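Visitor: Here the sequence shown stands for residues 1463 to 1876, numbered as in this note's numbering.
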Amino acid sequence: MTDTYLRGSRIALCVCGGIAAYKVAGLARELTQAGAEVHVVMTPSACEFVGPLTFSTLTGNPVRTELFPESAPTEIAHTDLGRTSDLVIVAPATAKTIAKSAQGLSDDLMSALLLSARCPVLMAPAMHTEMWFNDATQANVATMVGRGVRMVGPAVGALAGPDVGVGRMASVEEIIAAAEEELALRSELTGIRVLITAGGTREAIDAMRFIGNASSGSMGYALAFEALRRGARVQLVSGPTHLVPPEQADTVRVTTAQQMRQAVIERVEDVDVLVMAAAVADWRPASSSEGKLSKGEGPPDLQLVKTADILAEVGSRRKAGGLPNLSVLVGFCAETRDLAAAAAAKLHGKALDVAVANEVGSAQSGPEVPTLNALVLDRDRGPKELGLVSKRALAVTVMDSVAARLAEAGPGAE
Ligand SMILES: Cc1cc2nc3c(=O)[nH]c(=O)nc-3n(C[C@H](O)[C@H](O)[C@H](O)COP(=O)(O)O)c2cc1C
1463 MTDTYLRGSR IALCVCGGIA AYKVAGLARE LTQAGAEVHV VMTPSACEFV
1513 GPLTFSTLTG NPVRTELFPE SAPTEIAHTD LGRTSDLVIV APATAKTIAK
1563 SAQGLSDDLM SALLLSARCP VLMAPAMHTE MWFNDATQAN VATMVGRGVR
1613 MVGPAVGALA GPDVGVGRMA SVEEIIAAAE EELALRSELT GIRVLITAGG
1663 TREAIDAMRF IGNASSGSMG YALAFEALRR GARVQLVSGP THLVPPEQAD
1713 TVRVTTAQQM RQAVIERVED VDVLVMAAAV ADWRPASSSE GKLSKGEGPP
1763 DLQLVKTADI LAEVGSRRKA GGLPNLSVLV GFCAETRDLA AAAAAKLHGK
1813 ALDVAVANEV GSAQSGPEVP TLNALVLDRD RGPKELGLVS KRALAVTVMD
1863 SVAARLAEAG PGAE
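(1) Inspect the beta-carbon positions of Cys1478 and Ala1555 and report whether they are closer than 8 Å.
(2) Classify Glu1752: buried if its beta carbon has 16 or more other beta carbons within 10 angstroms, exposed otherwise.
(3) In chain order, what residues of the same chain lie with their CB nearer than 6 Å to the CB of Thr1859, ignoring the 5 residues before and after it?
(4) Spell out the partners DSSP gives Gly1849 in its beta bridges.
(5) What is the DSSP secondary structure of Asp1800, counted as helix, strand or coil?
(6) May I have the straight-line CA-CA distance separating Ala1669 from Lys1754, to the nearest angstrom?
(7) Does the Cβ of His1704 have 16 or more other Cβ atoms within 10 Å, making it buried, or fewer, making it exposed?
(8) Check whether the Cβ atoms of Leu1529 and Cys1581 sit closer than 8 Å, and answer yes or no.
(9) What residue range does the beta strand (DSSP E) around Cys1476 cover?
(10) Grouping DSSP H, G and I as helix and E and B as strand, with all else coil, what is Cys1795?
(11) Expressed to the nearest angstrom, what Euclidean distance is found between the alpha-carbon atoms of Lys1768 and Gly1674?
(12) Quick check: the Cα distance between Gly1522 and Val1502, rounded to an integer number of angstroms?
(13) Which of the three DSSP states is assigned to Asn1602 in this structure?
(14) Taking buried to mean at least 16 other C-beta atoms within 10 Å of its own C-beta, is Glu1728 buried or exposed?
(15) Which residue wins for smallest C-alpha separation from Ala1447, given the options Gly1849, Ala1641, Ala1819, Val1628?
(16) In whole angstroms, give me the CA-to-CA distance for Ile1473 and Arg1723.
(17) Please list, in chain order, all residues of the same chain as Val1735 whose beta carbon is under 6 Å from its beta carbon, the five residues on each side excluded.
(18) Can you tell me where the alpha helix (DSSP H) with Ile1654 in it begins and where it stops?
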């Protein structure tokens, strides 16, 4: 493993109060020697095990331990570090700190930092076997993994005292290898232009009323975050949603299916990847009233007409050789049953490279909840049933497929 990705990276190293804290001094030294700028944050418990002076000497940077420092801070440490780091490493990650993170608590510097981190987070758990296998810990770990946190270890081996079992912190080498992988992702899609659609559309009945759908936009926004995380240039065409788009994305707001079509068609010639995650209306009222219809006039006689099928239009233009830049075309479909058949029909019917079918209409899977029962079908790799996953985890899988296809397409696409 080379040190390419560590060199020049800014790493927040969070040290918790476990016996393995002494080994993290070695990790701090290795990261610093590899060229990373390492900023250590310690919990009060961690300071019981290793002195902050050890880390400040090894890294050449001051160590932060307090949310409310006595001297006036030159920066807002509890949010600045999380927002400006390329990677956060928590080692050893204690049962308590994992639990606090899962709960979203921010009652000390480290937990506030973890809550504000915009970059990937690696955790290296270390604790006694009983603590690790406790249902509470396992549920907290599952929550964090679902939110995109990567767990390294724990390994099997000697624990504190005479005990041996699962719960030993992963080795410094394993943690560094995982850090390298996470940092490598940052440049995976550098230079790649990605267009993503998100949210539902609204088709007017009158000045106030519309036909809409339950799409929240969170899947498309998760895809935008993931593409940005990998270094892509992202344009996000978003239907109405309360979500805040990522700052680095070039966001275009639209309301109707027609506006979404226009926004996509205007941009699609100059992108490498199009991911259509929006729930675009299939029908719209044939006509709409400029003013508000009066209730007293009775229910309007709604005639519906088909809207443009954006994905089919893009797919057939591309098939005819009209979109030479577009290397990867991804489409989503929401289904109440038989995801595999729906994905296959979408893939072939719209000439897609990757089709994602997700279940709607159940309590655990759908637009209103953060999880989806999903299946990803890559044209050349076959189906991947993911089961119930977070939208963030699904975004990671979709972008993995996109990156793999771009890599196969050759240097022109890389
Ligand atoms: C000697 C000793 C060793 C400990 N080792 C661990 C450990 O490896 N993992 C863990 O989760 N807690 C361990 N603990 C308990 C934590 O220190 C305790 O839960 C503390 O509140 C963690 O706080 P922090 O996560 O804010 O650092 C240990 C405690 C003692 C006294």
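C-beta: ideal position from N, C-alpha, C; glycine also. Just so it is clear, the structure is predicted and the values come from calculations on it, not from any experiment.
Guide: Judging by the given coordinates:
(1) Position 16 of the sequence shown, counted from the first residue, corresponds to residue 1478. Position 93 of the sequence shown, counted from the first residue, corresponds to residue 1555. For Cys1478 and Ala1555, yes; Cβs fall inside 8 Å.
(2) Here residue 1752 refers to the residue found at position 290 when the sequence shown is read from its first residue. Glu1752 comes out exposed.
(3) Working through the sequence shown from its first residue, we reach residue 1859 at position 397. Answer for Thr1859: Val1838, listed in chain order.
(4) Taking the first residue of the sequence shown as 1, we reach residue 1849 at position 387. According to DSSP, which records beta bridges pairwise, Gly1849 is partnered with Ala1836.
(5) Position 338 of the sequence shown, counted from the first residue, corresponds to residue 1800. Three-state DSSP puts Asp1800 in coil, outside helix and strand.
(6) If you number the sequence shown from 1, residue 1669 lands on position 207. If you number the sequence shown from 1, residue 1754 lands on position 292. Computed Cα separation, rounded: 5 Å.
(7) For the purposes of this step, residue 1704 is identified with residue 242 of the sequence shown, where counting begins at 1. Exposed.
(8) Locating residue 1529 in the sequence shown gives position 67, where the first residue counts as 1. Locating residue 1581 in the sequence shown gives position 119, where the first residue counts as 1. Result no, Cβ atoms of Leu1529 and Cys1581 do not sit closer than 8 Å.
(9) Within the sequence shown, the letter at position 14 stands for residue 1476. 1472–1477 is the span of the beta strand (DSSP E), which, as asked, contains Cys1476.
(10) Here residue 1795 refers to the residue found at position 333 of the sequence shown. In this structure, Cys1795 counts as strand in the three-state DSSP scheme.
(11) On the sequence shown, residue 1768 is found 306 positions in, with the first residue counted as 1. On the sequence shown, residue 1674 is found 212 positions in, with the first residue counted as 1. In a straight line, the C-alpha of Lys1768 is about 14 Å away from that of Gly1674.
(12) In the sequence shown, residue 1522 corresponds to position 60, counting from 1. In the sequence shown, residue 1502 corresponds to position 40, counting from 1. Taking the straight line joining both Cα atoms gives about 10 Å.
(13) As a working note, residue 1602 is residue 140 in the sequence shown. It is helical.
(14) Taking the first residue of the sequence shown as position 1, residue 1728 is located at position 266. Exposed, by the Cβ-count rule.
(15) Within the shown structure, residues of the chain are numbered from 1463 to 1876, placing residue 1447 beyond reach of any answer.
(16) Counting from one through the sequence shown, the residue named residue 1473 turns up at place 11. Counting from one through the sequence shown, the residue named residue 1723 turns up at place 261. In a straight line, the C-alpha of Ile1473 is about 41 Å away from that of Arg1723.
(17) Here the question's residue 1735 lines up with position 273 in the sequence shown. So the qualifying residues of the chain are Val1656, Val1790, Val1864.
(18) Along the sequence shown, read from residue 1 onward, the residue named residue 1654 stands at position 192. First-last for Ile1654: undefined, no H or E at that position.
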